[in-house]
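Add 3 to a position in the sequence shown, counting from 1, and you land on the number used in the numbering used here.
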Amino acid sequence: MAHITLPDGLPGIVGPLAAYPETARHLNGLAEALLRGPSSLTPAERELVATYTSRRNECRFCTQSHAAAARYLHERDHGAGSSATVDRVLDDLATAPVSDKMRALLAIAGKVQQGGRRVLPQDVARAREAGADDQAIHDTVLIAAAFCMYNRYVDGLATFAPERAEDYAPMGAALGEHGYLNPVGAPAGV
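(1) Report yes if the CB atom of P124 is closer than 8 angstroms to the CB atom of P14, and no otherwise.
(2) Just the C-alpha distance for P100 and E48, rounded to the nearest angstrom, thanks.
(3) Quick one: does Q116 have its CB under 8 angstroms from some CB of chain C?
(4) Going by Cα to Cα distance, which pick from S86, P41, A71, V157 is closest to H141?
(5) Does the beta-carbon distance from T54 to V89 come in below 8 angstroms?
(6) Examine the Cβ distances between the region 59 to 70 and the region 147 to 155 and report whether three or more of them are shorter than 8 angstroms.
(7) What do you get for T8, buried or exposed, if any count of 16 or more other CB atoms within 10 angstroms of its CB means buried?
(8) Under a three-way DSSP split, which group does T8 fall into?
(9) What is the residue span of the alpha helix (DSSP H) that F64 lies within?
Set out below in structure tokens:
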């Protein structure tokens, strides 16, 4: 049960965003800019950074909803079966079938999740050597930092999170297709 009164049946961040539309406008706007705005990283790659950070923070709702979005986008962009990459990253980044660039960027995200000062010059150098540009490094750091906030928002309010991963697939498809703002600017749910 959530720590505060939230609309019934709305999981994770969707409940607080529906209850507090002024907050929703800004949080969804930030998510839209970070995960769908201009970047040298694809939306699928940025969703993977959000998923990886959320898993490290043990936030079930954010991990599952963004993993569903990342799976959807991987399938859309790379074909059937490619969504397994998301699960492989969550199982073991060291052996996951991702590029050296993504592995280096996810390592940076993991360090940001622990604390921003843990990112060292050699981490950035490794990402650059693997092909990451300033935009990719910037976006990775900001997505990881923002998702630490989103994860703490969701878990700090003890919001409801469905147990089964398959319950998140419709949300992942909606996020993959429409992003974080609907046409009238109402919350789509980070």
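The C-beta atom is built at its ideal place from N, Cα and C for all residues, glycine as well.
Considering the structure as presented:
(1) Locating residue 124 in the sequence shown gives position 121, counting from the first residue. Locating residue 14 in the sequence shown gives position 11, counting from the first residue. Going by C-beta atoms, P124 is not nearer than 8 angstroms to P14.
(2) Walking along the sequence shown from the start, residue 100 turns up at place 97. Walking along the sequence shown from the start, residue 48 turns up at place 45. In a straight line, the C-alpha of P100 is about 13 angstroms away from that of E48.
(3) Among the chains in the structure shown there is no chain C, since it carries only a single protein chain.
(4) Against the sequence shown, residue 141 aligns to sequence position 138. If we check each option's Cα against that of H141, P41 comes out closest.
(5) Reading the sequence shown from its first residue, position 51 is the one you call residue 54. Reading the sequence shown from its first residue, position 86 is the one you call residue 89. Yes, Cβ-Cβ distance for T54 and V89 is below 8 angstroms.
(6) By the criterion of at least three beta-carbon pairs nearer than 8 angstroms, the region 59 to 70 is in contact with the region 147 to 155.
(7) For the purposes of this step, residue 8 is taken as the residue at position 5 of the sequence shown. Around the beta-carbon of T8, fewer than 16 other beta-carbon atoms lie within 10 Å, marking it exposed.
(8) Residue 8 sits at position 5 when you count from the first residue of the sequence shown. T8 sits in coil when the DSSP states are folded into three classes, being neither helix nor strand.
(9) If you number the sequence shown from 1, residue 64 lands on position 61. Here the alpha helix (DSSP H) through F64 covers 63 to 81.
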